[in-house]
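Trainee: Submitted below is the structure of interest, expressed as structure tokens.
Chains as they are written, first to last, in the working numbering: chain H, 1 to 132; chain D, 1 to 254.
Encoded structure:
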């Protein structure tokens, strides 16, 4: 017989799998992160189809309550994902900062080509002569 | 004008000098700062980095004869300065001097700062080093002293004012800071010195006078000072822990 909540668990697993495959398919997540999500989806489905597998794993790892194992691994997974995201945000920030600095430098060189910047008010001070 | 004789400067000072002025909403003062710098160092290029000001800072700076780079959004002093260092590295300047746009840094000291580059990679224009009327609250003064002591230990040179933004940098320091220059609070002053140390740069200081800020005031209370020191210690720790790339141009030729 099916244990209580079997169909609910299975539905949850399938939803996770479908969502993660969709995330990857639409190229919203890439690389290792994409792999992590798909693996998570597969694991979710496997465990909801075979709840006895969870019971067996819980005993093998000397964990008392199966649900604790699920919660523990879930929290661990989320922690790793959020660290990965934090790293990604930091890297993007460094890149946009570099771009902003480059844009500023380029714009300062572009203004040079004209006597006055296109929208500046009249009679600007002459830009400093370039002494190469 | 109180500018020194050009050939006297030319002998000791590096030849191509870029004066970087980071400016955020300093329309009222940036023009006079640029003019004063140009009067003191007629051969120097003045590069104002407008940190996306909401007022007419860019126009005021351009009208006073500076080259202006406007950032597409506000990055903070560190971002503005690294723009200046990258510019200096790319176009082959031998020295960069940072001068704040609020008029706090007297351009009179520019030649002394540049002269110091003959023996050092970084020369800090330091308050509290000589006779100096710069007034800060006692808690704040203690905080700055404590910080100076800690950074002196880390850097290995006796420094009295590690948060001064009035600095001159030689070619090796420019190469290092064009790559590594934190944008966080206190990163551009305190952490930058730690980075300099970790990349093997020599740091020294010369005494300067600074006028009180024309507007804006530093936090003076005890709580504010405690916060200030804590954040500075975080900046020092980050400087010690982070990985810094030493560019080839900054490695000492043996």
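Quick reminder that beta carbons are idealized off the backbone N, C-alpha and C, glycines included. Please read all numbers here as calculations on a predicted model, not as lab measurements.
What does the alpha-carbon distance come out to for the pair residue 44 (chain H) and residue 89 (chain H)?
Mentor: Taking the straight line from one Cα to the other gives about 28 Å.
Trainee: Residues of chain H with CB under 7 Å from residue 69 (chain D), in chain order?
Mentor: Neighbours of residue 69 (chain D) on chain H, chain order: 104, 105, 107 and 108.
Trainee: Kindly list the residues whose CB is nearer than 6 Å to the CB of residue 71 (chain D), restricted to its own chain and excluding five residues on each side of it in sequence; keep chain order.
Mentor: Cβ within range, chain order: 51 and 52.
Trainee: If we ignore side chains and look at the alpha-carbon of each, how far apart do residue 10 (chain H) and residue 99 (chain H) end up?
Mentor: Roughly 47 Å separates the two Cα atoms.
Trainee: Buried or exposed for residue 107 (chain D), please, with buried defined as at least 16 other CB atoms from any protein chain shown within 10 angstroms of its CB.
Mentor: Looking at its Cβ environment, which holds 16 or more other Cβ atoms inside 10 Å, residue 107 (chain D) is buried.
Trainee: Report buried or exposed for residue 153 (chain D), applying the criterion of at least 16 other Cβ atoms within 10 angstroms of its Cβ.
Mentor: Classification for residue 153 (chain D): exposed.
Trainee: Is there a C-beta anywhere in chain H that falls below 8 Å from the one on residue 247 (chain D)?
Mentor: With 8 Å as the cut-off, residue 247 (chain D) does not count as an interface residue toward chain H.
Trainee: Assuming residue 140 (chain D) is part of the beta strand (DSSP E), what are its boundary residues?
Mentor: Run containing residue 140 (chain D): none in the beta strand (DSSP E); it sits in the alpha helix (DSSP H), 138-155.
Trainee: State the CB to CB distance for the pair residue 97 (chain H) and residue 69 (chain D), rounded to an integer number of angstroms; the pair is presumed to be in contact (CB under 8 Å).
Mentor: That pair is no contact at about 14 Å.
Trainee: Helix, strand or coil for residue 98 (chain D), going by three-state DSSP, please let me know.
Mentor: Correct three-state label for residue 98 (chain D): strand.
Trainee: Please name the residues in the segment 177-189 of chain D whose beta-carbon is closer than 9 Å to at least one beta-carbon of chain H, in chain order.
Mentor: Here the close residues are 183.
Trainee: Within 8 Å (strictly less), CB to CB, does residue 251 (chain D) reach chain H?
Mentor: Residue 251 (chain D) does not count as touching chain H.
Trainee: Of the choices D:192, D:171 and D:222, whose alpha-carbon is the least far from that of residue 251 (chain D)?
Mentor: Nearest option by C-alpha distance: D:171.
Trainee: Tell me which residues share the same chain as residue 82 (chain D) and place their Cβ nearer than 6 Å to its Cβ, disregarding the 5 neighbours each side in the sequence.
Mentor: These residues qualify, in order along the chain: 181.
Trainee: Is DSSP giving residue 133 (chain H) helix, strand or coil here?
Mentor: What is shown of chain H runs 1 to 132, which leaves residue 133 (chain H) out entirely.
Trainee: Tell me which residues of the segment 75-102 of chain D have at least one Cβ-Cβ distance to chain H shorter than 8 Å, keeping chain order.
Mentor: The segment 75-102 of chain D vs chain H, Cβ under 8 Å: 75, 79, 82, 83, 86, 87 and 90.
Trainee: So what's residue 163 (chain D) in DSSP terms, helix, strand or just coil?
Mentor: The answer is coil: DSSP assigns residue 163 (chain D) none of H, G, I, E or B.
Trainee: Hey, is the segment 88-101 of chain D in contact with the segment 24-33 of chain D, meaning 3+ C-beta pairs nearer than 8 Å?
Mentor: The segment 88-101 of chain D is in contact with the segment 24-33 of chain D.
Trainee: Identify whether residue 204 (chain D) lies in helix, strand or coil by the three-state DSSP scheme.
Mentor: Residue state, collapsed to three classes: strand.
Trainee: Can you tell me which of D:150, D:123 and D:19 puts its alpha carbon nearest to the alpha carbon of residue 317 (chain D)?
Mentor: The structure shown does not extend to residue 317 (chain D), since chain D is modelled only from 1 through 254, so no value can be given for it.
Trainee: If the cut is a Cβ gap below 8 Å, which residues of chain H does residue 49 (chain D) touch?
Mentor: In chain order: 104.
Trainee: For the segment 40-82 of chain D, which segments carrying the beta strand (DSSP E) assignment without a break, of at least 3 residues, lie completely within its bounds, in sequence order?
Mentor: Counting only runs of 3 or more, we get 45-50 and 67-70.
Trainee: Taking only beta-carbon atoms, is residue 97 (chain H) less than 8 Å away from chain D?
Mentor: At least one chain D Cβ lies under 8 Å of residue 97 (chain H).
Trainee: Quick check: the Cα distance between residue 81 (chain H) and residue 29 (chain H), rounded to an integer number of angstroms?
Mentor: Rounded to whole angstroms, residue 81 (chain H) to residue 29 (chain H) spans 12 Å at the Cα level.
Trainee: Taking the Cβ atom as the reference point for each residue, do residue 20 (chain D) and residue 143 (chain D) lie within a distance shorter than 8 Å?
Mentor: No; because the gap between Cβ atoms is not below 8 Å, this pair is not in contact.
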